[in-house]
Amino acid sequence: MLNRIPVLIHHNPTIEQATQAVVTAISERKMFIVAGNCRVNYHGRASSTLETGERILIVKADRSVLIHRPKGYEPINWQPSGCILNANKKENLLFIRAVRCKPSETLAIHFDKVYLVAILSLIDRGEFLLNASEKDMQKAILLQPSIVEKGLKTITHEKKIEPGFIDVYGMDNTGKKVVIEIKRRTA
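The following block contains the structure:
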């Protein structure tokens with residue numbers, strides 16, 4: 001990876017140039033972003049049509065696909081990781097298709113104008129550390145007790161005892177009582 005180029009930008013490419021850039025990104029399993037004017041059709045468990053508008057398409061290296069409008073943080077259309085992708089030029093449009101096999105779903109994106117194609121070779125080995133409140137941690141344990149111990153069953157929470165409360169009270173898979181005191185910081 002000595003000659004890695006983290007970001008390669010194609011500014012206002014022709015449809016042909018944009019198609020070639022996207023085809024290359026797909027074949028090299030790289031992340032890419034396309035900004036432009038597009039319409040989107042989805043067929044699968046339901047069906048939808050998103051009429052023409054200016055949007056951002058993000059395709060990640062794991063083959064997840066997100067289509068964003070200019071506002072809001074949630075994608076208007078998306079496909080989870082593992083999609084089969086292909087791109088070609090069809091009737092002077094950049095046509096990108098993301099197919100999911102199970103369940104059978106197809107996302108078809110047609111760009112008639114492309115403002116930007118960014119090909120990304122990003123490296124991220126950073127660990128994600130979540131700083132949660134004691135209430136958040138308690139909720140997580142109550143929803144999925146196995147994060148503490150396999151076979152743990154919760155009986156109650158905020159159990160009143162002298163001199164206070166037990167955050168989570170339960171039983172392990174051998175029948176032993178388990179008391180969990182939750183602290184954000186080391187006690």
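Numbering (the UniProt record's numbering), first residue to last: 1 to 187.
From the three backbone atoms N, C-alpha and C, an ideal C-beta is built for every residue, glycine too.
| Check | Outcome |
| --- | --- |
| Name the residue from 119, 143, 53, 36 whose alpha carbon lies nearest to the alpha carbon of residue 155. | 143 |
| Can you tell me the Cβ-Cβ gap for residue 70 and residue 51, rounded? I've got them flagged as a contact below 8 Å. | Not a contact, Cβ separation roughly 15 Å. |
| Can you tell me which of 140, 91, 119 puts its alpha carbon nearest to the alpha carbon of residue 131? | 140 |
| Indicate whether the contact test is met: 3 or more Cβ pairs, each with one atom in the region 74-83 and one in the region 8-24, closer than 8 Å. | no |
| Quick one: measure Cβ to Cβ for residue 98 and residue 107, integer angstroms, because I've assumed they're closer than 8 Å. | 4 Å |
| When the Cα atoms are used, what is the spatial distance from residue 4 to residue 30? | 12 Å |
| So residue 111 packs on residue 85, CB below 8 Å; how close in whole Å? | That belief does not hold up - the Cβ atoms of residue 111 and residue 85 are roughly 14 Å apart, past 8 Å. |
| So who's on the other strand from residue 57, going by DSSP bridges? | 34, 67 |
| Apart from the five residues just before and just after residue 49, which ones in its own chain have a Cβ nearer than 6 Å to its Cβ? | 41 |
| Measure the Cβ-Cβ separation of residue 157 and residue 166 and say whether it is below 9 Å. | yes |
| If I measure Cβ to Cβ from residue 61 and keep anything under 7 Å in the same chain, skipping five residues before and after, which residues do I get? | 29, 30, 31 |
| Is the beta carbon of residue 57 closer than 9 Å to that of residue 38? | yes |
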